[in-house]
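Peer 1:
Chains as they are written, first to last, in the working numbering: chain X, 203 to 373; chain A, 15 to 293.
1) Does the count of Cβ pairs from the segment 276-290 of chain X and the segment 319-332 of chain X closer than 8 Å reach three?
2) So if DSSP puts residue 252 of chain A in a beta bridge, which residue, or which two residues, is it bridged to?
3) Given 8 Å as the limit, is there contact between the segment 207-221 of chain A and the segment 120-128 of chain A, that is, 3 or more CB pairs closer than that?
4) Distance, Cα to Cα, residue 358 of chain X vs residue 195 of chain A?
5) If we count the other Cβ atoms within 10 Å of its Cβ and call it buried at 16 or more, is residue 131 of chain A buried or exposed?
6) Counting only Cβ pairs nearer than 7 Å, list the residues of chain A close to residue 276 of chain X.
7) By the three-class DSSP mapping on this structure, what secondary structure does residue 12 of chain A have?
8) Cα separation between residue 116 of chain A and residue 275 of chain A?
9) Given a limit of 8 Å on CB to CB distance, which residues of the segment 238-267 of chain X reach chain B?
10) Output the boundary residues of the alpha helix (DSSP H) element that contains residue 355 of chain X.
11) Let me see if you follow: with CB-CB separation under 7 Å, is residue 373 of chain X close to chain A or not?
12) Using three-state DSSP, classify residue 51 of chain A as helix, strand or coil.
13) Whose C-alpha, out of X:272, X:369, X:238, X:268, is nearest the C-alpha of residue 279 of chain X?
14) Are the beta-carbon atoms of residue 76 of chain A and residue 265 of chain A separated by less than 7 Å?
15) Residue 232 of chain X touches chain A at which residues, Cβ-Cβ below 7 Å?
16) Against residue 172 of chain A, what residues of chain X qualify as contacts under a CB-to-CB distance less than 9 Å, listed in chain order?
17) CB-CB under 7 Å to residue 263 of chain X, same chain, minus the five flanking residues each way: which ones, in chain order?
18) If we define contact as Cβ-Cβ less than 7 Å, is residue 222 of chain X a contact residue for chain A?
19) Would you list, in sequence order, the uninterrupted alpha helix (DSSP H) runs of no fewer than 4 residues that lie entirely inside the segment 251-275 of chain X?
20) Which residues mark the beginning and the end of the beta strand (DSSP E) in which residue 88 of chain A is found?
21) Can you look up residue 163 of chain A in the DSSP assignment and give me helix, strand or coil?
22) Hey, which unbroken runs of the beta strand (DSSP E) at 3 residues or more fall wholly within the segment 225-277 of chain A?
23) Here's a check: name, in chain order, each residue in its chain whose Cβ is nearer than 6 Å to the Cβ of residue 344 of chain X, leaving out the five neighbours to either side.
24) Going straight from the alpha carbon of residue 310 of chain X to that of residue 204 of chain X, what length do you get?
25) Beta-carbon within less than 8 Å of residue 198 of chain A's beta-carbon, same chain only, minus the 5 sequence neighbours each way: which residues are those?
26) If you draw a straight line from the alpha carbon of residue 156 of chain A to that of residue 79 of chain A, how long is it in whole angstroms?
27) Tell whether a beta-carbon distance below 7 Å holds between residue 249 of chain A and residue 215 of chain A.
28) I need the DSSP call for residue 27 of chain A, collapsed to helix, strand or coil.
29) Would you say residue 34 of chain A reaches chain X, if we count a Cβ-Cβ gap shorter than 7 Å as a contact?
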């Protein structure tokens, strides 16, 4: 029950933060900071994949409807939720995820977080910008946007975790 | 049958994924072409309300600059009031002259949501069909054109801005009268391009670009920008012209919507042009 409330609250916060704050930040060079992939990363490890895809779809849809992107965010978020278990499996540490509560900055090793979340962001951003531009001869611009946006999103997401997620007291 | 069920069981995750993906992508591509999905846009009531609250907070950030702009525009308009003219020759000029028939009316609006770094940028305005806004009306600001109304709800409307790929507003070079279509390449919100001007026309840098007013969306002669560079298109007798927009779309707030009272008449007349027979 507690987990349910936490994630509902997070859903609302991420939706509005992305749509009203981060989509309005216009940094230049085609950079766009996206934080809602972090929400999908932070969903419970053993969540049903149907549920996680539905949640991701709803989140993307909400962001789309506020920022007039008509299905772009929804499509990328669903893709991310679909690939999430496979990526986790590929990068599984030796002990597995047995005693992990949440895939956050404090519970997982930094190298794991950087590689897994970096890969997730890379896939997500590439999919998003490809759909947004949707022209083969603009592949250079797509790559530029992806490569420049991923580090920005990654840094912002790690900062969000440092600021907002409470450090477990036993560590 | 059993095989089919086994197949569905095996691939059920992927199937759900495909269904959701299909739903999202079909909305995306449908909307790019036909603005039908009213419920999913910022012109809908709920999202309009959210954006209005957001704009209530952010509109003050540029307040002094906006006031300055409005003041300058007021001065320019005040200059044209009949009170600021001295009659040089009386009984020639009458304000309520029947020789002049009003063609354009303007409706003031505020941009409550806008982007400029997407491939296709749409602006949301705080007025809608209850204020008489219809699809296809032109939108401009005091410095330059902004776009065309794309989608309308009761109290909000969405503008397809000049920062979209296929905006195709007809514009012309003011000095020479050469006209072409306005396009945007998606890279820089300060720079647009014009296609369709043949390269035997003489071009000059820094010449002014204005609207042509051919399709009845904008009145003739609204500012668009100034030519920054031009080069010939390969293998075509055309110029590839880039120009600086005169409006800075990154901080646009106050705009006007053009209502053409004679548009219907023009469209009706132009509909009588016989179509080209392709045989």
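Even glycine gets a Cβ: it sits at the ideal position worked out from N, Cα and C.
All figures in this text were calculated on a predicted structure; none of them were measured in a lab.
Peer 2: Well, looking at it:
1) Contact holds: three or more Cβ-Cβ distances are below 8 Å.
2) For residue 252 of chain A, the pairing in a beta bridge is given by DSSP as A:212.
3) Not touching, per the Cβ criterion.
4) The alpha-carbon atoms of residue 358 of chain X and residue 195 of chain A are separated by roughly 41 Å.
5) Note on residue 131 of chain A: 16 or more other CB atoms within 10 angstroms of its CB, so buried under the neighbour-count rule.
6) Those are 38, listed as they occur along chain A.
7) For residue 12 of chain A there is no data in the structure shown, the boundaries of chain A being 15 and 293.
8) The straight-line gap from Cα to Cα measures roughly 8 Å.
9) Of the protein chains in the structure, X and A, none is chain B.
10) Its alpha helix (DSSP H) spans residues 341-366.
11) Because the pLDDT at residue 373 of chain X is just 46, under 50, the model does not fix this residue reliably, and the point stays unresolved.
12) For residue 51 of chain A, the predicted structure reports a pLDDT of 49, less than 50, and the residue's modelled location is therefore unreliable. A value from the coordinates is still provided. The three-state reading of DSSP puts residue 51 of chain A in coil, since its state is none of H, G, I, E or B.
13) Among X:272, X:369, X:238, X:268, the Cα nearest to that of residue 279 of chain X is on X:238.
14) Yes, the pair counts as a contact, with Cβ atoms nearer than the cut-off.
15) 131, listed in chain order.
16) Below the 9 Å Cβ cutoff, chain X contributes 270 as neighbours of residue 172 of chain A, in chain order.
17) Closer than 7 Å at Cβ, skipping near neighbours: 276.
18) So yes, residue 222 of chain X belongs to the interface.
19) 251-269, all fully within the segment 251-275 of chain X.
20) For residue 88 of chain A, no beta strand (DSSP E) encloses it; the enclosing alpha helix (DSSP H) starts and ends at 77-93.
21) In the three-state reduction of the DSSP assignment, residue 163 of chain A falls in the strand class.
22) As for any beta strand (DSSP E) of minimum length 3 sitting wholly inside the segment 225-277 of chain A, the runs are 237-246, 253-259, 268-274, ordered along the chain.
23) Around residue 344 of chain X: 331, 332, 335.
24) A straight-line Cα-Cα distance of about 22 Å links residue 310 of chain X and residue 204 of chain X.
25) Excluding residues within five positions, the ones whose Cβ falls inside 8 Å are 176, 177, 178, 179, 181, 206, 207.
26) Each residue's Cα considered, the two are about 13 Å apart.
27) Cβ distance not < 7 Å, so residue 249 of chain A and residue 215 of chain A don't count as in contact.
28) Collapsing the DSSP output to three states places residue 27 of chain A in a helix.
29) Output row for residue 34 of chain A: interface = yes.
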